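My numbering runs 20 ahead of the 1-based position in the sequence shown. Where a beta carbon is used, it is the ideal one built from N, C-alpha and C, also for glycine. Note that the structure is predicted; figures quoted are calculated from it, not measured.
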Amino acid sequence: MSFLPVLAPQALCRDDPASPALSAFARELLAGLQTRPRCVSPKWFYDEVGSLLFERITDLPEYYPTRTELALLDRHAPAMAAWIGPGAEVVEFGAGASVKVRTLLQALVSPRRYVPVDISGEHLQLAAENLRRAHPGLAVLPVAADFTRDLRLPQAVGPRVGFFPGSSIGNFDPPQAQRLLRRMATWLQGGGLLIGVDLVKDPALLHAAYNDAQGVTAAFNLNLLARANRELAADFQLGQFAHSAFYNAPRSRIEMHLVSRMQQTVQLCGQAIDFAEGDSVHTESSCKYTVESFQRLAQAAGWTAQAVWVDPARWFSLHWLVPTDGTNLTSFNPTSGADT
Ligand code: AVI
21 MSFLPVLAPQ
31 ALCRDDPASP
41 ALSAFARELL
51 AGLQTRPRCV
61 SPKWFYDEVG
71 SLLFERITDL
81 PEYYPTRTEL
91 ALLDRHAPAM
101 AAWIGPGAEV
111 VEFGAGASVK
121 VRTLLQALVS
131 PRRYVPVDIS
141 GEHLQLAAEN
151 LRRAHPGLAV
161 LPVAADFTRD
171 LRLPQAVGPR
181 VGFFPGSSIG
191 NFDPPQAQRL
201 LRRMATWLQG
211 GGLLIGVDLV
221 KDPALLHAAY
231 NDAQGVTAAF
241 NLNLLARANR
251 ELAADFQLGQ
261 FAHSAFYNAP
271 RSRIEMHLVS
281 RMQQTVQLCG
291 QAIDFAEGDS
301 VHTESSCKYT
311 VESFQRLAQA
321 AGWTAQAVWV
331 DPARWFSLHW
341 LVPTDGTNLT
351 SFNPTSGADT
């Protein structure tokens with residue numbers, strides 16, 4: 021189901037929150053609920069249930085990013101492939117079901133290998149098998165890893181190109197995003213990066229995208245608490261928390277929160293966590309950029325924008341970035357710089 025070891029809940033939840041026996045999820049959730057303002061990383065949304073809920077979000081009429089980005093890929097994949105060049109090794113960060121990369125792989129000239137990286141190992145193996153069937157000649161080497169922490173990639177077999185679609189970069193605040201982009205430059209060994217970035221737009225459209233009529237986004241947000249109940253034997257009453265998503269204009273970001281509907285105490289890993297009515301847990305930020313503000317961020321992280329593709333409504337963008345220092349794909353050396 022997830023990357024967590026299969027252990028009884030009590031083994032994951034000893035009384036001491038610093039205990040190494042606590043799962044990473046338990047440790048981070050406890051720490052996030054004990055700090056002020058309360059805050060938990062959105063990466064914990066994506067257990068099996070959360071990943072399925074996210075797939076449903078991408079099909080919602082209000083959630084424009086996925087279909088807009090797919091349309092951009094469909095339309096401009098040949099131009100993207102021309103920038104990337106032949107014989108590339110494509111490393112996808114947070115690959116999930118590896119859907120978007122298919123259009124890109126089809127357009128690329130003789131891609132050498134596809135390396136999907138994802139936190140969820142099981143999801144990854146399944147997606148890799150599907151992709152091998154769709155591209156019989158392509159080597160597919162999945163890497164199960166939390167790239168927000170560390171990443172060890174196999175030795176490169178061709179010029180490395182990063183693919184980071186979906187505007188997942190928006191789920192990091194700008195300083196974190198800058199750090200992540202810097203680390204990607206190291207992992208890509210002088211290769212380029214094709215990255216999807218959601219754009220600033222009418223707040224009403226943004227509000228609708230994160231407050232859909234069917235309540236799928238609310239279920240996705242609340243699944244964080246449901247996951248704690250399933251995996252950590254916590255006793256969150258889901259009906260006692262409300263999904264809240266709003267556009268924070270000064271920070272150009274959608275914020276998602278879980279808000280306590282009443283005063284209550286929740287048991288989590290031997291700790292009693294108190295909530296007053298209206299107390300909120302910040303579960304996700306989704307930062308929106310202009311083309312220029314994203315290019316500035318990328319530049320501060322050592323990347324230069326060489327090309328950008330934007331849909332006619334200017335809702336979403338895909339950027340082709342190369343390292344500013346000039347060591348890009350043409351200087352690829354297959355014997356240097358591999359991590360393993
Ligand atoms: C994965 N990420 C880019 C999505 C977003 O839009 O920030 C996650 C999401 N959260 C609510 N709906 C979708």
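Exercise. Which residue from 69, 194, 233 puts its Cα closest to that of residue 81?
Worked result: Here the question's residue 81 lines up with position 61 in the sequence shown. Among 69, 194, 233, the Cα nearest to that of residue 81 belongs to 233.
Exercise. Is any heavy atom of ligand 1 found at a distance shorter than 7 Å from the C-beta of residue 223?
Worked result: Numbered from 1 along the sequence shown, position 203 holds the residue referred to as residue 223. No.
Exercise. Which of helix, strand or coil does DSSP assign to residue 66?
Worked result: For this step, residue 66 is matched to residue 46 along the sequence shown. Here residue 66 sits in coil by DSSP.
Problem set entry | DSSP state of residue 341 mapped onto helix, strand, coil | Indexing the sequence shown from 1 puts residue 341 at position 321. The three-state reading of DSSP puts residue 341 in strand, counting E and B together.
Problem set entry | Start and end residues, alpha helix (DSSP H) containing residue 230 | Taking the sequence shown and counting its residues from 1, one reaches residue 230 at position 210. Note, residue 230: premise wrong, no alpha helix (DSSP H); not H, not E.
Exercise. In this structure, does DSSP put residue 86 in helix, strand or coil?
Worked result: As a first step, residue 86 is located in the sequence shown; it is residue number 66 there, counting from the start. Of the three classes helix, strand and coil, the one that applies to residue 86 here is helix, per DSSP.
For this session: Starting from residue 136, trace the alpha helix (DSSP H) both ways and give me its first and last residue.
Result: Here residue 136 is taken as the residue at index 116 of the sequence shown, counted from 1. No alpha helix (DSSP H) holds residue 136; the beta strand (DSSP E) holding it covers 133-138.
Problem set entry | For residue 194, the nearest candidate out of 272, 206, 51, 161 (CA to CA) | For this step, residue 194 is matched to residue 174 along the sequence shown. When only C-alpha atoms are compared, the closest one is 272.
Problem set entry | residue 276, DSSP secondary structure in three states | By one-based count along the sequence shown, residue 276 stands at place 256. In the three-state scheme derived from DSSP, where H, G and I count as helix and E and B as strand, residue 276 is classed as strand.
Exercise. Would DSSP call residue 303 helix, strand or coil?
Worked result: Looking up residue 303 in the sequence shown gives position 283. In the three-state DSSP reduction, residue 303 falls in the strand class (E or B).
Problem set entry | Local Cβ density within 10 Å of residue 23, reported as buried at 16 or more and exposed below that | Residue 23 sits at position 3 when you count from the first residue of the sequence shown. Confidence at residue 23 is low in this model, with a pLDDT of 31, below 50, so its placement is unreliable and the value that follows should be read with caution. The C-beta of residue 23 has 16 or more other C-beta atoms within 10 Å across all chains shown, which makes the residue buried.
Problem set entry | DSSP three-state assignment for residue 143, whether helix, strand or coil | What you label residue 143 is simply residue 123 of the sequence shown in a count that begins at 1. If DSSP states are grouped into helix, strand and coil, residue 143 belongs with the helices.
Exercise. How would you write the range of the beta strand (DSSP E) that residue 323 sits in, first residue to last?
Worked result: What you label residue 323 is simply residue 303 of the sequence shown in a count that begins at 1. Residue 323 -> beta strand (DSSP E) spans 323-330.
Exercise. Secondary structure at residue 253, three-state DSSP: helix, strand or coil?
Worked result: What you label residue 253 is simply residue 233 of the sequence shown in a count that begins at 1. Under the three-state reduction of DSSP, residue 253 is assigned to coil, being neither helix nor strand.
For this session: Spatial neighbours of residue 27 within its chain, please: CB distance less than 6 Å, with the 5 preceding and 5 following residues excluded, ordered by chain position.
Result: As a first step, residue 27 is located in the sequence shown; it is residue number 7 there, counting from the start. Low local confidence applies: a pLDDT of 40 at residue 27 is under 50, so the model's placement there is unreliable, with the coordinate-based value given in what follows. If we look at residue 27 and ignore the five residues flanking it on each side, it has no Cβ neighbours.
For this session: Check whether the Cβ atoms of residue 85 and residue 222 lie closer than 8 Å to each other.
Result: Here residue 85 refers to the residue found at position 65 when the sequence shown is read from its first residue. Here residue 222 refers to the residue found at position 202 when the sequence shown is read from its first residue. Not a contact, by the Cβ cut-off of 8 Å.
For this session: Could you name the residues of the same chain whose beta carbon sits closer than 8 Å to that of residue 89, not counting the 5 residues immediately before and after it, in chain order?
Result: For the purposes of this step, residue 89 is taken as residue 69 along the sequence shown, with counting starting at 1. These residues qualify, in order along the chain: 120, 185, 186, 187, 216, 336, 338.
Problem set entry | Backbone secondary structure at residue 201 - three-state DSSP | In the sequence shown, residue 201 corresponds to position 181, counting from 1. In the three-state reduction of the DSSP assignment, residue 201 falls in the helix class, which pools H, G and I.
Exercise. Using a Cβ-Cβ cut-off of 7 Å (strictly less than) and excluding sequence neighbours within five positions of residue 228, which residues of its own chain qualify?
Worked result: Here residue 228 refers to the residue found at position 208 when the sequence shown is read from its first residue. Within the same chain, 82 come within 7 Å of residue 228 by CB-CB distance, once the 5 residues on both sides are set aside.
For this session: Inspect the CB distances between the stretch 202-217 and the stretch 286-295 and report whether three or more fall short of 8 Å.
Result: No, because fewer than three Cβ pairs between the stretch 202-217 and the stretch 286-295 fall closer than 8 Å, the two stretches do not touch.
Problem set entry | From 108, 166, 117, 129, residue whose alpha carbon lies closest to that of residue 45 | The residue given as residue 45 occupies position 25 in the sequence shown. Ranking 108, 166, 117, 129 by Cα distance to residue 45 puts 166 first.
Problem set entry | Three-state secondary structure assigned by DSSP to residue 349 | What you label residue 349 is simply residue 329 of the sequence shown in a count that begins at 1. A caution first: residue 349 carries a pLDDT of 43, below 50, which makes its placement in the model too unreliable to give a value.
Exercise. Which value, in whole angstroms, describes the spacing of the CA atoms of residue 151 and residue 315?
Worked result: If you number the sequence shown from 1, residue 151 lands on position 131. If you number the sequence shown from 1, residue 315 lands on position 295. The alpha-carbon of residue 151 is positioned some 32 Å away from that of residue 315.
For this session: Measure the Cβ-Cβ separation of residue 313 and residue 297 and say whether it is below 8 Å.
Result: In the sequence shown, counting from the first residue as 1, residue 313 sits at position 293. In the sequence shown, counting from the first residue as 1, residue 297 sits at position 277. Not a contact, by the Cβ cut-off of 8 Å.
Exercise. Any heavy atom of ligand 1 closer than 7 Å to the Cβ of residue 188?
Worked result: For this step, residue 188 is matched to residue 168 along the sequence shown. For residue 188, the Cβ falls inside the 7 Å cut-off from some heavy atom of ligand 1.
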